[in-house]
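Protein chains in written order, with our numbering: chain Y, 135 to 330; chain Z, 546 to 730.
For every residue, glycine included, the Cβ atom is placed at its ideal position computed from N, Cα and C.
Bear in mind that the values here come from a model prediction, so they are computed numbers and not experimental data.
Read through the structure below, which is laid out as structure tokens, and then see the notes.
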Amino acid sequence: MFPLTYSMEFTQLTSLALAVVIGLGFGFFLERAGFGSARKLMAVFYLYDMAVVKVMFTAIVTALVGIFLLTAAGELDFAMLYIEPTNYPAAIIGGLVFGAGFVIGGYCPGTSVAACATGRLDGLAFVAGIFAGSYAYAEFLTGLDAWLASSAQPDVTLPGLTGIPMGWFVLAFVAFLGLAAWGMKAAERRFAGLRP
Amino acid sequence: MNVTTATGFPARENAKAKPAPFWNPYLAGFGLGLVLLAAYLVEGRGLGATGAYSSVAAWIANAISPEHAQASEIHARYLASGSPLTAWLTWLLVGTFVGAAVSGLVAGRFAVTVEKGPRLSDGQRLALALAGGVIAGVGAKIARGCTSGQALTGASVLNAGSLVFMLAVFVAGYSVAWMARKEWL
Numbered sequence: 135m136f137p138l139t140y141s142m143e144f145t146q147l148t149s150l151a152l153a154v155v156i157g158l159g160f161g162f163f164l165e166r167a168g169f170g171s172a173r174k175l176m177a178v179f180y181l182y183d184m185a186v187v188k189v190m191f192t193a194i195v196t197a198l199v200g201i202f203l204l205t206a207a208g209e210l211d212f213a214m215l216y217i218e219p220t221n222y223p224a225a226i227i228g229g230l231v232f233g234a235g236f237v238i239g240g241y242c243p244g245t246s247v248a249a250c251a252t253g254r255l256d257g258l259a260f261v262a263g264i265f266a267g268s269y270a271y272a273e274f275l276t277g278l279d280a281w282l283a284s285s286a287q288p289d290v291t292l293p294g295l296t297g298i299p300m301g302w303f304v305l306a307f308v309a310f311l312g313l314a315a316w317g318m319k320a321a322e323r324r325f326a327g328l329r330p
Numbered sequence: 546m547n548v549t550t551a552t553g554f555p556a557r558e559n560a561k562a563k564p565a566p567f568w569n570p571y572l573a574g575f576g577l578g579l580v581l582l583a584a585y586l587v588e589g590r591g592l593g594a595t596g597a598y599s600s601v602a603a604w605i606a607n608a609i610s611p612e613h614a615q616a617s618e619i620h621a622r623y624l625a626s627g628s629p630l631t632a633w634l635t636w637l638l639v640g641t642f643v644g645a646a647v648s649g650l651v652a653g654r655f656a657v658t659v660e661k662g663p664r665l666s667d668g669q670r671l672a673l674a675l676a677g678g679v680i681a682g683v684g685a686k687i688a689r690g691c692t693s694g695q696a697l698t699g700a701s702v703l704n705a706g707s708l709v710f711m712l713a714v715f716v717a718g719y720s721v722a723w724m725a726r727k728e729w730l
């Protein structure tokens, strides 16, 4: 049955309308979590408020459990899901560069949109920056892009790499979230003095 | 005089009304996870925030000079997939903007302001936000995704590359945080 786009053949208009609806939810929960605020986001790096990790990890575990259960029930065809091809050098270099930009700029591409939507001028500056960065990448780094694309491998997932069934990873992620929640509570107490 | 104070005072009180607190992060994360799950169930792929930027960048390059745009394989690829107005990721981002605006307005958190630590001027902060955006933009292009398209979306299908990306983001984040402490603390 799922993904619906393969079983229902949406018109382009329906598909784009669904994109807006999903986006509405995305923006709503980002803002509810406080992710339209750079100070709230950056608090994670000074350990006095770990909301970024809590929200991200809970979201990942929620979606992971949902995908696992629906696949097990035969409702979701996992093979039809898009899996971004893996390229470890790209993930490491891109991740390091991205992480530096995240802390210097105070936002990431999705959260800066939430920041703009709630009046944050620094969010607007960050959006202008991503735009300039994307433009510069397309102008000057086509060679790097072609090399990264050609050396990427499709469908590299933890169950595929290790031979351990997905269910065990789901259990491990849930257990890790529980442990991390306990650890983050301790960190927040220890670094509470940095809170503004 | 009397009238202005009588009407002005409550209005000012209103403007200073405390914004509602943010949600419990685990509850907000659960909501976000359901949205991510919905994206997979509907469209067969997760969320993404960076794709729309490239799509618009290619469109602008093409508007300025089609020959120039075609000379870049990346611009050409985005142009081949159509106008940004028909791109799924563009409308996802439009929805994100509206959803966040509604949430912020309802909670009294909308404010035209600059987010920063107390030791920085607004101008310095805006310059750093712009520079950070450029750096994060390039990083997201190299990694083919950002916190949404790689970290959230990839981790929820146990994509190995996405998990490595997420680790790298936090390693860089905690490393740079010490240098950037004047900006935030």
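- Item | Neighbourhood of Y:Tyr182 by C-beta, 7 Å cutoff - its chain only, sequence neighbours within 5 removed | Glu322, Phe325, Ala326, Leu328 and Arg329
- Under the three-state reduction of DSSP, which class applies to Z:Thr635: helix, strand or coil? helix
- Query: Near Z:Ala573, which residues of its chain fall below 8 Å by C-beta distance, leaving aside the five closest residues on each side in sequence?
  - Reply: Phe567
- Message: Can you tell me whether Y:Tyr269 is buried or exposed? The criterion is at least 16 other CB atoms within 10 Å of its CB, across all chains shown.
- Response: buried
- Task: List the whole-angstrom C-beta distance separating Z:Ala583 from Y:Ile156, where the pair is believed to meet the contact cut-off of C-beta under 8 Å.
- Result: 6 Å
- If you compare alpha carbons, which of Y:Lys174, Y:Leu258 and Y:Val231 is closest to Z:Ile680? Y:Val231
- What is the DSSP secondary structure of Y:Phe136, reduced to helix, strand or coil? strand
- Message: By alpha-carbon positions, which one of Z:Leu581, Z:Gly578 and Z:Leu650 ends up nearest to Y:Cys250?
- Response: Z:Leu650
- Determine which residues of the region 657–682 of chain Z have a Cβ less than 9 Å from any Cβ of chain Y, and write them out in chain order. Val657, Thr658, Val659, Glu660, Lys661, Gly662, Pro663, Asp667, Arg670, Leu671, Ala672, Leu673, Ala674, Leu675, Ala676, Gly677, Gly678, Val679, Ile680, Ala681 and Gly682
- Is there at least one Cβ from chain Y nearer than 7 Å to Z:Pro629's Cβ? no
- Message: Comparing C-alpha positions only, which one of Z:Pro570, Z:Ala594 and Z:Trp729 sits nearest to Z:Pro663?
- Response: Z:Trp729
- Show which residues of chain Y have a CB atom less than 9 Å away from the CB atom of Z:Gln695. Glu218, Ala225, Gly228, Gly229 and Phe232
- Could you give the distance in angstroms between the alpha-carbon of Z:Ser666 and the alpha-carbon of Y:Ala309? 43 Å
- Message: Quick check: is the beta carbon of Y:Glu165 nearer than 7 Å to any beta carbon in chain Z?
- Response: yes
- Query: Apart from the five residues just before and just after Y:Ala224, which ones in its own chain have a Cβ nearer than 6 Å to its Cβ?
  - Reply: Leu282
- Item | Within the region 679–722 of chain Z, ranges of the alpha helix (DSSP H) (whole runs, at least 4 residues) | none
- Starting from Z:Gln615 and walking both ways along the alpha helix (DSSP H), at which residues does that stretch end? Pro611 to Ala616
- Check the Cβ of Z:Ala717 against every Cβ in chain Y and list those closer than 9 Å, keeping chain order. Gly229, Leu230, Val231, Phe232, Gly233, Ala234, Gly235, Phe236 and Val237
- Tell me which same chain residues have a C-beta within less than 7 Å of the C-beta of Y:Met184, skipping the five on either side of it? Val178, Met318, Ala321 and Glu322
- Of all Cβ atoms in chain Y, is any one closer than 7 Å to the Cβ of Z:Glu612? no
- Message: As a quick exercise: from Z:Ala616, Z:Thr658, Z:Glu660 and Z:Ala688, pick the residue whose alpha carbon is nearest that of Z:Phe710.
- Response: Z:Ala688
- Please report the Cβ distance between Z:Leu581 and Y:Ala197, rounded to the nearest whole angstrom; I am assuming they are in contact, meaning their Cβ atoms lie under 8 Å. 4 Å
- Since I believe Z:Ser701 is in contact with Z:Gly593 (beta carbons under 8 Å), could you give me their beta-carbon distance rounded to a whole number of angstroms? No, Z:Gly593 and Z:Ser701 are not in contact; Cβ-Cβ is about 13 Å, not under 8 Å.
- Query: How many Å lie between Z:Tyr585 and Y:Tyr216 at the Cα?
  - Reply: 9 Å
- Message: Could you give the first and the last residue of the continuous alpha helix (DSSP H) run that contains Y:Leu322?
- Response: The sequence as given places Glu at residue 322 of chain Y; Leu does not occur at that position. Residues Met300 to Arg324.
- Residues in the region 296–327 of chain Y with C-beta within 8 Å of chain Z's C-beta atoms, listed in sequence order? Met300, Phe303 and Ala315
- Item | the region 248–268 of chain Y / the region 651–662 of chain Z touching (three or more Cβ pairs under 8 Å) | yes
- Query: If the cut is a Cβ gap below 9 Å, which residues of chain Z does Y:Leu210 touch?
  - Reply: Tyr585 and Leu586
- Message: Looking only at its chain, what residues have a beta carbon closer than 8 Å to the beta carbon of Z:Tyr598, apart from the 5 residues adjacent to it on each side?
- Response: Gly682
- 8 Å CB neighbourhood of Z:Val716 in its chain, flanking five on each side removed: none
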